[in-house]
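So the sequence shown is numbered by full-length UniProt numbering: it starts at 1 and just counts up by one. From the three backbone atoms N, C-alpha and C, an ideal C-beta is built for every residue, glycine too. Computed from a predicted model, the values in this text were never measured in an experiment.
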Amino acid sequence: MSRSLLGCGAGTGLSFEQRRVWFANEFEPGWAYHVPFAWRLTGDLDVAALRVAVDDVVHRHEVLRSVFPVADGTPRQVVRPARPVFSTERQWHPDLLKGFVRQRFDLSVDVPVRVRLYTRTADFLLVFVFHHIAVDGWSLGPLTRDLSRAYAARKAGGRPDWPPLALQYRDYALSQQELADQGEHMAFWSTTLRDLPEELPLPTDRRRPQSASPEGGEIRFDVSAEQLKTMQTVARQGRASVFMIAQAVTAATMTRLGAGTDIPIGTPVTGRLDPALDDVIGFFANTVLLRTDTSGDPTFAELLARVRAADFDAFEHQEVPFDHLVEMVAPPRVAGRHPLFQIMLTVDEVHPVELSFDGVTDQFEAVALGASPFDLALRLAQNDSGMTGELDYSPDLFDRATADMIAGTWIRMLRAVVTEPDQRISEVDILAEEQQKWLLRNGIGPETTVGDEVVPDLFEAQVARTPDAPALVDGAQQLTYLELNDRANRLARWLVDRGAGPGELVAIALPRSAAYVVAILAVLKAGAAYLPLDSEWPAERIRLLLDEAQPVLVLRGDEETPGASGANLADSDRISPLRPHDAAYVIYTSGSTGRPKGVVVEHRSVVSYLSWTSREYEGMHGTSLVHSPFSFDLAVTPLFTPLVVGGCVHLTDLLDPSGHLEDVLRRFPTTLLDATPSHVELLDELPAGCSPSAELLLGGEQLVAEQLTTWRQRHPNTVVYNVYGPTEATVSAAEFRIEPSTELSPGPVPIGRPMGNVRLYVLDGRLSLVPPGVPGELYVAGAGVARGYLNRPELTSARFVADPFGPPGSRMYATGDRVRWRADGNLLFLGRFDDQVKVRGHRIEPGEVAAALMSHAAVTRAAVVADNGRLVAYVVCSSPVDRSELRTHVSRTLPEYMLPAAFVLLDQMPLTSNGKLDRQALPAVEYHSEKPARQAQTDTERVLAGLFAEVLEVPEVGVDDNFFTLGGHSMLAVRIVGRIRATLGNEVPLRAIFEAPTVASLADRLNSSGDDDPVTTLLPLRTVPDAKTALFIVHPAAGLSWCYSTLTPYVPDGMAVYGLQAPGLADAAYYPGDLDQMAAGYVRTIRAVQPSGPYRLAGWSFGGVLAHAIATQLQQAAEQVDFLALLDGYPSSGVITRRADEVDRAFEGALGGMLHLVDRAAVARVFDHNCLLVDRHTPDVYQGDVLFVRATKDSADTPPVASWVPFVQGETIVHEVSCAHDDLLSPAAVASYGPVVAHALGNWGSA
């Protein structure tokens, strides 16, 4: 190219390289792109000549006297007349140099070079500071040549006699606009950079800040001449270069440090492809991205071959400006993160960069800039004595100790692989000896002495110490240690008589209550292991667990034990002796294959754990508030620990406290609470006494410091523990103690150090220790390791493996958790190696939820992910399926906390190139209603709609949108209650959100003064001012009518809806003698609301039979009944059978999964009595037509519709629905027949 062809003039555009640096400088101003050069000068220096020589060089190279203003939104480079850039400084201090090299350039007005001569005692220091926009590393050659020639001329009294430059830098910038078509090059890079990692997971010490600091740090090291020679030998053998050796070592090091197997590394190339540019100062260097594949655990020789092949291809296409690659890939831009790669590698051969000043000796000196535009930059320079190395790092991300660890690991990797290139990179011992000692020492918790006791021994010893002290409080019920022990002993003997003992399981299926605690202690005393079940689980799930566990007994009620002794049991009283290695309990956790797995925990593990908790947590000696289900091992610590140290256990439900709570808290102030981080903000919505005065234990999910800020300010004297541990490690294995005076850094809180008798290891895939600061999988060893999974030997052997660091025969548990050791000796949780997630403290395998979805006939593929604390299901179906139908389907087998908050229907599942699920390509979930939103009409509705949207984190909520359909759950319901209290001043009971889950229904409730009793006989499902008619819906056998909330939206506007509920739920003495007596009571209730007809009635199952009886009695009283709907109810017991394993299903259908809002025993009593009454009932004849809705999926087990013929004097209009009887009130089923009901209600009796 020639200058005449390229032209010149002011206002030239920037080169591609300059654009990149200019943008980076604007994006994050600082000194990261300053380029300092310095020489120590000794001798007779002519300062005046040097000053003019510097001016000569600046005048010769236009780029050094250019500024870069913005014109019309575009940066330009404008050449200005030369101005002095040279200054002198007679004072000397290293801080003066630091300030000079960091002094920022305003590129719009400042030329990109400054020069200063420091006069020191014995020498001079000449410092050039350039901005990278004007120079690169290769500019040092022309700079030293031109400055030496100019100095010699000026010292001799003349001018420098140098040939004019053929080109100036701006000519190069103009030439780029005429580059040939780069289509072939871009095609190569498009293929090469496909699926490039967005960011390397480097072993950083903290998260990337939103605003990056310009500071940088450096670690220096040396590679000996002998090692360099070995590198060169290995390079020759592999037909590679020293650079490729360094690159392969870097990639292998990063892989071993947890960065993965796809390692992009940047490296600079000169970019001076035209010899005419060799004498020009300027920024010509381009950056080439080298992608290194370390997958498959290659040998170093194999890895070097991969690097060689990839590098040759990349350098063949180095002409493409790096900015073009960035534009093509278009990665998300993040402040402080270099796009496409975060590691820069430079390997130089050091050539003398001497100044030739007559009478002056010079020595080039490196200047520490203290800045790095990359996360890591490794600079290697070959010299006669080997290589010097410098690892520049970002202090925003790395502590110096971590950077030093990375450099040390690189050196150990280099030594190992060049000595033995045929060893696999995973086989290299990258740990220094002192690191290994530190890891093993730091991973061992305090040793506590544990004898041969079993759990009952500990409790009974405390009973002997404090027999009359309060041990258990459950609402109005209070038991002393002696009373609790007596009841547990009596039940234990009853259990032994029925086969319970060591080696056996006893399942407990009770509501959380004092009886449940008695049952747990009794099972342990009998020698069996207890299997806690949650009464709110779907019946199908309970049945699944019972089928697998095969317990010898299932405790469902408060068993009577007349005549049994209350004395402690000895081994002679048991079927066989109870030993420490016998199982204490089995707790089921979610299973990735769709099948839950039962963790078997032995007495010795529980006793060891209690030896630590009883000593560590002072609050256990006071009152421990227990709110978690006993099926969740979060309840183990606050239940057992107080009972072995003399404390008191207070049972309550944080999400719906009973009326006794305030009184109990006054008598028994909470000193310790064990909860999940999700509970913290809810504590402010609860009575103040729920917050503990001594210790708050938080576990079950990741804790971030911001969650604690407000609560700790309000409770400044309480110690907070972040506790960690899987069920397989007996509740907890590590803890991080947060003293009241401790200030937490923003972000995740560490999980701390090992607890007593626990060993923790952070290992790689070969079960080798990883260095401090490096991510690895956490393994737990020690006394707390569980026996394994119940009846799952293959799974047990896969997760419970031999401990290579412990005593012979010891085992460790592979948690699947990704963690790293911090420099202060605390562990930090980083995430999971698999798909397991935590939702509100519950451990969930998405695979189990997906398996439940796949069991639906129409679902062909399903994937489940976590989204901001909620589960989202992505589903591909072979035929149209309603989202509500999917929710109903999975709710039959999954507990409430495992139900997806949203279902996203896809035409096909996005896959990666290797056929795996592409999670990044899954569409963002939108929590929305199935129907168009109806806007708020009143001030109350508008406020509630805004609060719903705020808490649910959705843009808008319609007044008919269901809180739970939009992703709500019980804890968010507590937040809604608190926000309503704060905003509107209304005290709303939690159950109101479940009874009135829409803005419209909740607004009606707030605006009315009606009864808020959940078991009131007349339940207002929809109130309408001045309504002239209403639909009365009669409860099923369980006695509750909440289940009809799904049908209410289909009732025509203007018609009120009331649910009739069994008086026996509130009055234990209510036992009507027959169904007609019961119907007569409901007639009086109905006529109190609507004194005269026409009446409209409906009922499901048992409720249909009862609605028919009410209708006939109204007709006998000369009242008009113009609508009667029987929803799969028959004039005999039919589907209403009293089998123990069906009670929970009946409750679930009636209560919508919120059993804790009512007395379960009362529901069971009502259910039993209603089944008895319907068996004895003979209906009267109804005069009129009947709408009959029939569930067809299990119709073979029910009587025919014709069984109503003798009792209906009119037409029976049948509408069939493809669902099971128990699912007839599910949203999907109601959507099928709701319009039929609506049409009938609108037309019936109108003729």
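- For the stretch 1150-1225, the full-length beta strand (DSSP E) segments reaching 3 residues or more read 1186-1191 and 1212-1217 along the chain.
- A check of alpha carbon separations from Pro580 across Ile263, Pro1227 and Gly451 identifies Gly451 as the nearest.
- By the CB criterion at 8 Å, Thr292 and Gln247 fall inside the cutoff.
- Selection Pro331, Gln318 and Thr727 evaluated against His842 yields Thr727 as nearest (Cα-Cα).
- Gln1061 counts as buried, since at least 16 other C-beta atoms from the protein chains shown sit within 10 angstroms of its C-beta.
- By the Cβ neighbour-count rule, Arg465 is exposed, with fewer than 16 other Cβ atoms within 10 Å of its own.
- Note that the C-beta distance between Pro846 and Val876 is not below 8 Å.
- Taken through DSSP and simplified to helix, strand or coil, Trp39 comes out as strand.
- If you compare the alpha carbons of Ala705, Gly765 and Trp711 with that of Pro746, the shortest gap goes to Ala705.
- Taking the C-beta atoms as reference points, Ala526 is found nearer than 8 Å to Ala500.
- Put simply, the backbone Cα of Pro502 is about 13 Å away from that of Ser572.
- Checking the DSSP bridge columns, you'll see Leu505 partnered with Ala529.
- Here Arg887 is buried, its C-beta having at least 16 other C-beta atoms within 10 Å.
- Partner residues in the beta bridge of Gln477, as assigned by DSSP, are Asp474.
- Ala381 has Asp348 and Thr388 as its beta-bridge partners, per DSSP.
- In the three-state reduction of the DSSP assignment, Lys229 falls in the helix class.
- Straight across, the Cα-Cα distance linking Arg102 with Gly831 is about 39 Å.
- Between the beta-carbon of Glu794 and that of Gly591 there is about 13 Å, and that puts the pair past the 8 Å contact cut.
- Within the DSSP bridge table, the entry for Ser624 names Val649 and Leu672 as partners.
- Of the residues assessed, Pro214 falls on the buried side of the cut-off, its CB having 16 or more other CB atoms within 10 angstroms.
- With a cutoff of 8 Å on beta-carbon distance, Leu1126 and Gly1093 are scored as not near each other.
- Pairing Glu618 with Ala694, the inter-Cα distance amounts to about 7 Å.
- Annotation: the stretch 141-167 contains no complete segment of the alpha helix (DSSP H) (minimum length 4 residues).
- Using a 10 angstroms sphere on the CB of Ser15, the tally of other CB atoms reaches 16 or more, which defines it as buried.
- By alpha-carbon distance to Asp961, the top candidate from Ala1000, Arg979 and Leu947 is Ala1000.
- Around the C-beta of Phe357, 16 or more other C-beta atoms lie within 10 Å, and the residue is accordingly described as buried.
- Straight across, the Cα-Cα distance linking Ala1161 with Gly557 is about 8 Å.
- Residue pairing from DSSP places Gly1099 in a beta bridge opposite Val1034 and Leu1126.
- Here the C-alpha atom of Gly782 lies approximately 10 Å from the C-alpha atom of Pro754.
- In the same chain as Val1214, and ignoring 5 residues on each side of it, the C-beta atoms closer than 7 Å to its own belong to Phe1188, Arg1190 and Val1201, in chain order.
- Around the beta carbon of Pro1131, 16 or more other beta carbons sit within 10 angstroms, so the residue counts as buried.
- Taking C-alpha positions only, Ala514 is separated from Tyr779 by approximately 36 Å.
- Contact between the stretch 765-780 and the stretch 813-824 is present: three or more C-beta pairs spanning the two stretches fall below 8 Å.
- Across the structure, Val329 and Leu193 are spaced so that their CA atoms are roughly 8 Å apart.
- Per DSSP, the unbroken beta strand (DSSP E) holding His842 starts and ends at His842 to Ile844.
- Between Val599 and Ala471, the CB-CB gap reaches or exceeds 8 Å.
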